[in-house]
Amino acid sequence: MPFVHSDSVKIHFRTDAVRGPTLLLAHGFLMDESMFDPIRKVLAHTDINVVAWDARGHGRTGYGGNPRFDYWDLATDGLRVLDALGIENAIVGGVSQGGYAALRMALLAPERVTGLALLDTEADACTTDDETYYENFFDEWCGDGALRPLAEDLAPRLIGGTDPQIWQTWITRWLAADRTAIRPAADCLIGRDSVGGRLGEISVPALVLRGEHDHSSTEDKCIRLADGLGGASGVRTVAGAGHGCALTHPEQVGAALAALVTACVPDAVEPVAVAGI
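When the letters of the sequence shown are read in order and numbered with the working numbering, they come out as residues 12 to 288.
Structural data, given as structure tokens:
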């Protein structure tokens, strides 16, 4: 398993190790880098080098010596992954919290980010209502009550789509994990700052994409994100998808990602033609 140290944290990542342009992807909350396995399959016949890593407190990545961190730290972690692979620049993207990290990578190291793939995400901080909801939710998740009902209620909302098998895969993982270990990551989510006022600093080609039924990254939030970025051309919508369209609709999302890579590195990638977005 490949790992790289970022400060005191041992970051787990995975790479396709192909020679084409690199697409570095960051997963959503309560997920891990394996959420991009369906995307890897769609892009397997291209020359795109898909790299993904486990965020702090997720998958095979822990917290290191200090469990307190923010999404700027996750952005640094992503850059350390590129360093470990000897990759100077990449198209960077992410789902939900992964998008928070991707935006901050573009602000921290603009010379290394040649494109942005922002999937079911936003640039804003939590609202007061968001903070209250998350605090109550994670108090329950990390508490002593039955976890299964929470997990079974969360999976369709967090992932979306209509395939219970996908939901069950993640429910099983959540039930097998240490339920209290997610708390520092939750504090990061709740306390995140807004980068909405800095979007104008980012001019690289950008894909802003959301699932049609995503009630978290709403249409208004995504329009605001796309409007603030110099390189985005509106919001692309995946019909029938929810917050986890990368999991439930990988063909459509994969095609959009391939098109973005082609826009950033012309003639480097064979197009992936899929209708529906």
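Just so you know, even glycine gets a beta-carbon here, dropped at the ideal spot from N, CA and C.
Does DSSP put G239 in a helix, in a strand, or in coil? helix
G290 burial status per 10 Å Cβ neighbour count (16 or more: buried): Only positions 12 to 288 of the chain appear in the structure, and residue 290 is not among them; the question remains open.
What is the C-beta distance between A134 and V206, in whole angstroms, given that I count them as a contact (C-beta under 8 angstroms)? 5 angstroms
Would you tell me roughly how many angstroms separate the C-alpha atoms of M42 and H69, rounded to the nearest one? 7 angstroms
Pairs of beta-carbons, one from the region 132-146 and one from the region 204-220, closer than 8 angstroms: are there three or more? yes
So is H226 buried or exposed if we call it buried at 16+ other beta carbons inside 10 Å? exposed
How about G110 and L90: do their beta carbons lie closer than 9 angstroms? no
Going by other Cβ atoms of all chains shown within 10 Å of its Cβ, with 16 needed for buried, is M12 buried or exposed? exposed
What does a CB cutoff of less than 6 angstroms around D27 pick up in its chain, not counting 5 residues either side in sequence? N60, V61
Does the contact criterion of 3 or more C-beta pairs under 8 angstroms hold for the region 233-248 versus the region 184-195? no
Give the secondary structure of S17 by DSSP, where H, G and I count as helix, E and B as strand, and everything else as coil. strand
Near Y145, which residues of its chain fall below 8 angstroms by C-beta distance, leaving aside the five closest residues on each side in sequence? C137, A197, L200, I201
Please report the distance separating the alpha-carbon of G171 from that of I177. 9 angstroms
Out of curiosity, what's the CA-to-CA distance linking A217 and R115? 14 angstroms
Please say whether G73 and R254 have beta carbons closer to each other than 9 angstroms? The sequence given here places His at residue 254; Arg does not occur at that position. No, they are not a contact pair.
If you drop the 5 nearest sequence neighbours on each side, which residues of the same chain put their C-beta closer than 8 angstroms to that of D94? V15
Please classify L258 as buried or exposed, where buried requires at least 16 other C-beta atoms within 10 Å of its C-beta. buried
Any beta strand (DSSP E) of 3 or more consecutive residues that is wholly inside the region 53-122: 60-64, 101-106
Sub-9 angstroms separation of V103 and A157 beta-carbons: no
Use the C-beta contact count for E44: other C-beta atoms within 10 angstroms, 16 or more gives buried, fewer gives exposed. buried
Opposite V219 in the DSSP bridges: which residues? L129
Is the distance from the Cβ of L127 to the Cβ of L240 below 9 angstroms? yes
Between E99 and P160, what straight-line distance do the alpha-carbon atoms span, to the nearest angstrom? 45 angstroms
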